[in-house]
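From first to last, the protein sequence lines are chains A and B.
Here our numbering is used: the first residue of the first sequence is 580, the next is one more, and so on.
Here our numbering is used: the first residue of the second sequence is 580, the next is one more, and so on.
Just so you know, even glycine gets a beta-carbon here, dropped at the ideal spot from N, CA and C.
Predicted model, so just to flag it, every value in this text is computed and none were measured.
Below: one structure, written as structure tokens.
Protein chains: 2
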Amino acid sequence: MQTTASGPEQAEEKATRTDICAAPPPRHPRPDGQDRYTISEVAAFTGLTAHTLRWYERIGLMDHIDRSHTGQRRYTNRDLDWLDLVGKLRLTGMPVADMVRYAQLVREGDSTYEERRELLEATRRDVLARIAELRDTLAVLDRKIDFYTEARTGRAAKRTR
Amino acid sequence: MQTTASGPEQAEEKATRTDICAAPPPRHPRPDGQDRYTISEVAAFTGLTAHTLRWYERIGLMDHIDRSHTGQRRYTNRDLDWLDLVGKLRLTGMPVADMVRYAQLVREGDSTYEERRELLEATRRDVLARIAELRDTLAVLDRKIDFYTEARTGRAAKRTR
DNA sequence: TATGACCTTCGAGTGCACTCCAAGCAAGCG
DNA sequence: CGCTTGCTTGGAGTGCACTCGAAGGTCATA
């Protein structure tokens with residue numbers, strides 16, 4: 580389905596994993612035009628490794644990717660959109676098996692709309708819950724950071740770990 | 580491994596591990612009073628297994644826990660507080676190794692305040708970033724859910740909340 | 001005094017999500 | 001032509017965070 584206006588933060592996170600550079604959004608402009616990207620182009624664009632892209636295909640997380648006359652993978656913009664969604668779902672902590680399930684439903688056609696909606700709604704609830712947890716954690720972190728900051732500036736406070 | 584009799588705490592542990600349900604606080608009231616909890620009490624309270632609690636101690640994520648005269652672990656309220664923090668940090672995706680590092684700093688005493696503060700601030704930034712990512716993902720999910728919902732009702736209401 | 005729940009240790013096993021390897025084919029370049 | 005680079009495959013290896021097993025000790029209750 581549609582792409583997103585989604586952000587550089589995905590590419591950025593991936594980049595952080597491989598290089599240590601974090602400053603400028605290393606957003607590879609999607610090489611628009613011909614809709615037939617090699618695996619290394621897609622790797623550069625998504626931040627995933629070529630190994631991982633092949634693995635995604637093997638486990639059924641992606642449809643069989645189109646091949647060139649010599650058997651090399653040629654990814655389409657549609658594939659890139661799908662990878663974008665997969666990246667987002669991955670951020671939510673959704674297990675790969677569940678994403679594979681969703682991919683299967685998509686392959687099975689329109690009759691699976693209802694089940695897809697349910698799966699997405701369950702995911703949505705998870706995301707909401709996780710955001711709440713993180714906010715909670717943030718409050719704890721802030722309290723501790725305050726403690727250490729105050730200790731630094733000389734004020735006494737009670738001992739925390 | 581014939582532990583069927585201890586039903587409630589096992590069921591509880593399973594539940595905590597599988598659903599990340601956040602609605603009703605399933606908070607075991609902390610058994611206040613004597614400050615000397617057995618490992619299974621702590622397991623029931625935290626949702627971790629006894630195995631995991633021993634493992635945390637082995638890897639240095641917890642101080643050496645006090646023992647009874649027969650060598651059994653006796654956890655204090657202070658240990659419970661620490662486990663609470665560990666649980667929160669775990670939710671942020673912080674690697675166990677980093678938590679061990681923090682635990683070491685705590686053991687090393689007041690001179691490590693500054694480093695602890697830095698570690699916590701880095702974590703805080705991570706948490707903020709993750710919340711932003713999740714919000715972004717939520718927007719994508721909502722758009723897709725809308726699509727499926729409209730497909731079902733043949734064009735209908737838009738989602739609120 | 002014996003049963004059975006619960007505890008101890010160390011070390012090995014599990015599941016997930018990659019991550020890498022080896023062998024081999026194909027294309028572009030000097 | 002040989003060299004380099006990059007792609008293909010199936011299968012094996014890695015790192016993390018647990019998770020479990022085996023062998024045995026302890027303790028309250030019947």
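Item: In chain B, which residues lie less than 8 Å from A/Y727 when you measure between Cβ atoms?; Value: Y692, E693, R695, R696 and L699
Item: Counting contacts by CB-CB distance shorter than 9 Å, is B/L627 in contact with chain A?; Value: no
Item: By the three-class DSSP mapping on this structure, what secondary structure does B/R646 have?; Value: strand
Item: How close, in whole Å, do the beta carbons of A/L632 and A/V679 come, if the pair is a contact with beta carbons under 8 Å?; Value: Not confirmed; about 15 Å, so no contact.
Item: Which residues does DSSP pair with B/R696 in a beta bridge?; Value: Bridge partners of B/R696: none, in fact.
Item: Which of the three DSSP states, helix, strand or coil, is assigned to B/R615?; Value: coil
Item: Which partner residues of B/R652 appear in the DSSP bridge assignment?; Value: B/R646
Item: Taking DSSP as the reference, what is the three-state secondary structure of A/M678?; Value: helix
Item: Tell me where the alpha helix (DSSP H) around B/T631 begins and ends.; Value: A629 to R637
Item: What residues from chain B crowd round A/A730, counting only those whose CB sits closer than 7 Å?; Value: Y692
Item: CA-CA distance, B/T732 and A/L699?; Value: 17 Å
Item: Between the Cα of B/F624 and those of B/W634, B/E694 and B/D660, spot the shortest distance and give me the residue it belongs to.; Value: B/D660
Item: Is there a Cβ from chain B that is less than 9 Å from the Cβ of A/L668?; Value: yes
Item: May I ask you to report which of helix, strand or coil DSSP gives B/L640?; Value: coil
Item: Does any residue of chain A have a CB that is nearer than 9 Å to the CB of B/D721?; Value: yes
Item: CB-CB under 8 Å to A/P674, same chain, minus the five flanking residues each way: which ones, in chain order?; Value: none
Item: Answer with buried or exposed for B/R686, where buried requires no fewer than 16 other C-beta atoms within 10 angstroms of its C-beta.; Value: exposed
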